[in-house]
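J.:
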DNA sequence: CTATAATTTGCGAAAAATTTGCAAATTATA
DNA sequence: TATAATTTGCAAATTTTTCGCAAATTATAG
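Chains as they are written, first to last, in the working numbering: chain E, 191 to 340; chain X, 191 to 340.
The following block contains the structure:
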């Protein structure tokens with residue numbers, strides 16, 4: 191259970207284990223990537239100020255990452271709590287797709303970083319373009335409609 | 191001159207070539223990456239509403255990209271107007287470093303995307319960690335101070 | 001389990017960031 | 001250079017994020 195890891199992380203850093211924090215975490219576990227606003231809506235028992243404060247705390251502790259997906263900033267659990275992965279965002283339909291592991295890319299990144307004398311803690315790769323479905327639509331009918339909201 | 195490309199892009203899409211747009215573009219050419227607020231401050235002749243509206247337009251036309259750098263969202267000219275590159279952000283001092291070309295990574299990304307049946311339009315990679323200087327500091331004195339603001 | 005001390009929450013209000021309506025100014029075109 | 005269309009600047013409205021403080025919750029020691 192990942193929840194144990196969260197709890198020990200909070201304790202280690204002298205923060206209380208509270209209901210809002212646990213609920214927030216549970217919501218993040220259920221959803222792949224959420225905007226701040228979606229998060230607020232999904233934790234209706236708690237005030238938005240509480241959500242903002244705990245997002246900040248989770249960032250500080252490295253529990254979550256902020257992603258730039260399309261024009262939106264979204265939040266997801268960091269690699270500590272879920273398998274490391276990259277994202278593809280469809281420009282047309284807005285869908286966010288988790289990409290399969292790419293060991294070669296990871297290796298390349300690591301070796302470049304080492305060569306430059308950096309110490310990398312994490313990284314994120316976002317690819318934007320057309321998903322297979324929208325690519326096809328574009329080829330045939332042409333892309334006329336507005337992007338679907340996420 | 192890249193400015194010609196901007197002008198033809200505007201014309202092609204039936205937008206006017208205006209002073210605010212040209213000034214905005216010039217500022218973006220001078221600086222590697224700016225927050226919206228920095229942009230507003232650097233174009234003091236024009237209203238912030240104008241800046242926001244033109245940021246939106248530039249996004250639409252693919253003139254600029256939004257980057258997640260550290261906790262900030264910044265704006266920079268897209269690959270159409272400058273050489274494609276990735277970023278390293280130092281967690282400690284906040285510095286943003288442009289990484290050298292990495293053909294292997296580019297190739298890996300391309301082949302993965304093709305294999306999955308996507309059509310990629312662009313991508314961005316951000317690596318976070320410690321720059322050589324802060325890495326060293328960390329090893330010796332330990333990292334006590336607040337990150338320097340960008 | 002209970003009392004105590006410390007942190008966190010909820011709420012209202014404030015501050016910051018972004019968007020909008022509309023008259024005046026700017027730009028394209030012919 | 002006149003005309004039509006878009007864009008700008010300004011003020012006001014929204015939306016998003018932050019803050020202060022009393023009340024509630026959580027940790028800890030007994």
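Ideal Cβ positions, reconstructed from N, Cα and C, are used throughout, including at glycine. Since the model is a prediction, treat every value here as computed from it, not as a measurement.
Just curious, the alpha helix (DSSP H) that residue 240 of chain E is in, first and last residue?
T.: Unbroken alpha helix (DSSP H) run through residue 240 of chain E: 238-251.
J.: Residues in the same chain with beta-carbon distance under 8 Å from residue 333 of chain E, minus the five sequence neighbours each way, listed in chain order, please.
T.: For residue 333 of chain E, the pLDDT reaches just 47, beneath the cut-off of 50, and the residue's location in the model is therefore unreliable, although a value from the coordinates is still provided. 282, 324, 327, listed in sequence order.
J.: Pick out whichever of E:266, E:195, E:268, E:261 has its Cα sitting closest to the Cα of residue 265 of chain X.
T.: Of the candidates E:266, E:195, E:268, E:261, the one whose C-alpha sits nearest the C-alpha of residue 265 of chain X is E:261.
J.: Out of X:242, X:319, X:299, X:293, which has the shortest C-alpha to C-alpha gap to residue 313 of chain X?
T.: Of X:242, X:319, X:299, X:293, the residue nearest in Cα terms is X:299.
J.: Residue 294 of chain X versus chain E: which residues are under 7 Å apart at the beta carbon?
T.: Simply 298.
J.: Please check if any C-beta of chain E sits within less than 7 Å of the C-beta of residue 317 of chain X.
T.: Closer than 7 Å to some Cβ of chain E, the Cβ of residue 317 of chain X qualifies, so yes.
J.: Apart from the five residues on each side of it in sequence, which residues of its chain come closer than 6 Å, Cβ to Cβ, to residue 215 of chain E?
T.: Same-chain partners within the cutoff: 196.
J.: Note down the Cα distance separating residue 194 of chain X from residue 268 of chain X, rounded to an integer number of angstroms.
T.: Rounded to the nearest angstrom, the two C-alpha atoms are 15 Å apart.
J.: Should residue 420 of chain X and residue 217 of chain X be called a contact, given that it needs their Cβ atoms to be closer than 7 Å?
T.: Chain X is shown from 191 up to 340; residue 420 of chain X falls before or after that span and cannot be answered.
J.: Any chance the CB of residue 311 of chain E is under 6 Å from a heavy atom of the ligand MG?
T.: No copy of the ligand MG occurs in the structure displayed, which carries no ligand at all.
J.: By Cβ distance, which residues of its chain are closer than 8 Å to residue 213 of chain X, with the 5 residues on each side in sequence left out?
T.: Cβ neighbours of residue 213 of chain X beyond the five flanking positions: 233, 235, 236.
J.: Report the neighbours of residue 303 of chain E on chain X: residues whose CB is nearer than 8 Å to its CB, in chain order.
T.: Simply 278, 317, 319.
J.: Below 6 Å CB to CB, which residues in the same chain sit around residue 250 of chain X once its five sequence neighbours on both sides are set aside?
T.: Answer for residue 250 of chain X: no residue qualifies.
J.: With 8 Å as the limit, tell me which residues of the region 241-268 of chain E have their beta carbon closer than that to any beta carbon of chain X; keep them in chain order.
T.: Flagged, chain order: 249, 256, 257, 258, 261, 263.
J.: So residue 169 of chain X contacts chain E; which residues on that side make the cut at Cβ distance below 7 Å?
T.: Outside the shown range of chain X (191 to 340) lies residue 169 of chain X, about which nothing can therefore be said.
J.: Let me know the secondary structure DSSP gives residue 304 of chain X once reduced to three states.
T.: Note: residue 304 of chain X maps to helix in three-state DSSP.
J.: Could you check what DSSP says for residue 227 of chain E in three-state terms: helix, strand or coil?
T.: Residue state, collapsed to three classes: helix.
J.: At what residues does the alpha helix (DSSP H) containing residue 196 of chain E begin and finish?
T.: 192-202 is the span of the alpha helix (DSSP H), which, as asked, contains residue 196 of chain E.
J.: Since residue 272 of chain X meets chain E, which of its residues come closer than 7 Å, beta carbon to beta carbon?
T.: Neighbours of residue 272 of chain X on chain E: none; closest Cβ ~17 Å, over 7 Å.
J.: Do we get a CB-CB distance below 7 Å when we pair residue 314 of chain X with the residues of chain E?
T.: Closer than 7 Å to some Cβ of chain E, the Cβ of residue 314 of chain X qualifies, so yes.
J.: Based on Cα-Cα distance, which residue from X:295, X:322, X:284, X:246 lies nearest to residue 274 of chain X?
T.: Of the listed residues, the one whose Cα sits closest to residue 274 of chain X is X:295.
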